[in-house]
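What follows is a set of notes on a single structure, which appears directly below.
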Ligand SMILES: [Zn+2]
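Numbering (our numbering), first residue to last: 1 to 516.
Shown next, in the form of structure tokens:
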């Protein structure tokens, strides 16, 4: 037996005794084999040492245990940082400094919040909390065609329900003048140009990796055209394009749109503005000026990172760190607005809270709790692998959340009446929860009950069943169903059934969502 192994055994025994008062040889053996798999073939050899050490440790007082630990293994007494079980799935953030992390949740107010939003918002918030930082809620509202006032509100309601707390709210549209200024800088630096080509030409050029004539125009042509975007040009007649590289392997870099004209009224600003930045331009500038240190977005944006960083480099602006995680959806439940919106607008579902949808309103209506969503999201972690989670996984987190707090009632589906003779009393009390003290309820009995069709079908005269919480019943007739109370013996083989007393039966309707 090497000194090193002896030491390890002593360390484990002391630690165990410190945590639990006493220690046991089996526990110490388990732990040592867990940390030193090579010892698995030498159990016989090490067991006597373990027994000896465990015995000596068990003779120490708690103070002596502590002193020994202080002498030999002081590291065990170092207060471990509180384990953040809920954040297990989130790895440390690269370059994160305590107290200085700023994250943002930047939804576009163009639809009702769904499970994908929940994932992003929860990760943004958890990271801000993990580093004692801040979370900004920023409505990325620069496409008036898709955005509506009701969605700003719906997103806030969703975040409140999720208990996601943010430190600051703002709208990208608040900064529209500043975004114009940044565009001007891009044009001044010749990092952008105004293109008046038709959409088909632009698309064809992108495919064929060809620049258009506008990109070769003089600088003052760009200035003139930029001015005209605010007056003369109509929607679709001119766009500002970033001067990227038309032959880049990354298609995003083939002179993407920075600004375009949208005539639709903006939900907050009305028709005050008609030139609107693209997502790519706005998000880079906003993240930078908002002080965001870590910007998370879903994986499908990964190719846009090059553009994001290049814009900030050219404008000599501070660069946040962009990181991607996978998009979250459920099997058979569309999250994409392209699919969701027509479903709602064409009346194929009853509304945005139709329980077949993955919107937060629908999940709430289904009885899913916010704490279950949070645990579920964190259990998936910060991965780039696509997550199409089975809905059952969320449901199992939900059960765990709901179970200890919910009273239990009996329910029978497809009820069939049964009469039972010889009941010992006309009233019983039943606990509301099998293990927690959640009070009792009284149930009145008059011999008429309901059982589930499925349970009744399996029975024939002579069979015994146990009415849960009441007692055993012998079946005397199957149709009409009749039985006789035969006592309260807890036999092992008697099938247990839920029952409802006719006297206090309540009719309920259950919605069971199927897949769309
Ligand atoms: Zn052009």
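Cβ coordinates follow ideal geometry from the N, Cα and C atoms, glycine included.
Treat the numbers as computed from the prediction; the structure is a model and nothing was measured.
Item                                                                                                                                                                           : Value
Do three or more CB pairs link the segment 350-367 to the segment 426-438 at distances below 8 Å?                                                                              : no
Relative to the alpha-carbon of residue 264, which residue among 250, 144, 172 has its alpha-carbon at the smallest distance?                                                  : 144
Residues in the same chain with beta-carbon distance under 7 Å from residue 436, minus the five sequence neighbours each way, listed in chain order, please.                   : 404
Is it true that the CB of residue 238 sits closer than 8 Å to the CB of residue 261?                                                                                           : yes
Rank 278, 209, 376, 16 by C-alpha distance to the C-alpha of residue 28 and give the top, closest one.                                                                         : 16
Specify which residues have a beta carbon nearer than 5 Å to any heavy atom of ligand 1, listing them in chain order.                                                          : 195, 197, 212, 214
Closest by CA to residue 72, which one among 433, 4, 157, 222?                                                                                                                 : 4
For residue 127, which residues from the same chain have a beta carbon less than 7 Å from its beta carbon, with the 5 sequence-adjacent residues on both sides left out?       : 90, 93, 101, 103, 294
By Cβ distance, which residues of its chain are closer than 7 Å to residue 301, with the 5 residues on each side in sequence left out?                                         : 324
Rounded to whole angstroms, what's the CA-CA distance from residue 273 to residue 266? Just pull it up for me.                                                                 : 8 Å
When DSSP labels each residue in this structure, what does residue 31 get in the three-state scheme?                                                                           : helix
Across which residues does DSSP place residue 114 in a beta bridge pair?                                                                                                       : 359
Excluding the five sequence neighbours on either side, which residues of its own chain have a C-beta within less than 7 Å of the C-beta of residue 275, listed in chain order? : 229, 230, 259, 261
Can you tell which of 456, 171, 297, 461 has the C-alpha that lies nearest to the C-alpha of residue 413?                                                                      : 456
Spatial neighbours of residue 224 within its chain, please: C-beta separation below 7 Å, excluding the five flanking residues on both sides.                                   : none
To the nearest angstrom, how far is it from the Cα of residue 538 to the Cα of residue 400?                                                                                    : A question about residue 538 goes unanswered here, because the residues of the chain that appear run from 1 up to 516.
Which residue marks the beginning of the alpha helix (DSSP H) containing residue 379, and which one marks its end?                                                             : 370-380
Does residue 166 come out as helix, strand or coil in the three-state DSSP assignment?                                                                                         : coil
Please report how far the alpha carbon of residue 283 lies from the alpha carbon of residue 373, in whole angstroms.                                                           : 27 Å
For residue 270, which beta-bridge partners are listed by DSSP?                                                                                                                : 266
With DSSP collapsed to three states, give me the class of residue 104.                                                                                                         : strand
Can you say whether residue 53 is buried or exposed, counting buried as having 16 or more other CB atoms within 10 angstroms of its CB?                                        : buried
Per the DSSP calculation, residue 388 is bridged to which residue(s)?                                                                                                          : 329
For residue 254 versus residue 215, is the C-beta spacing smaller than 8 Å?                                                                                                    : no
Does the distance from the C-beta atom of residue 407 to that of residue 432 stay below 8 Å?                                                                                   : yes
What would DSSP say about residue 475, mapped onto helix, strand or coil?                                                                                                      : strand
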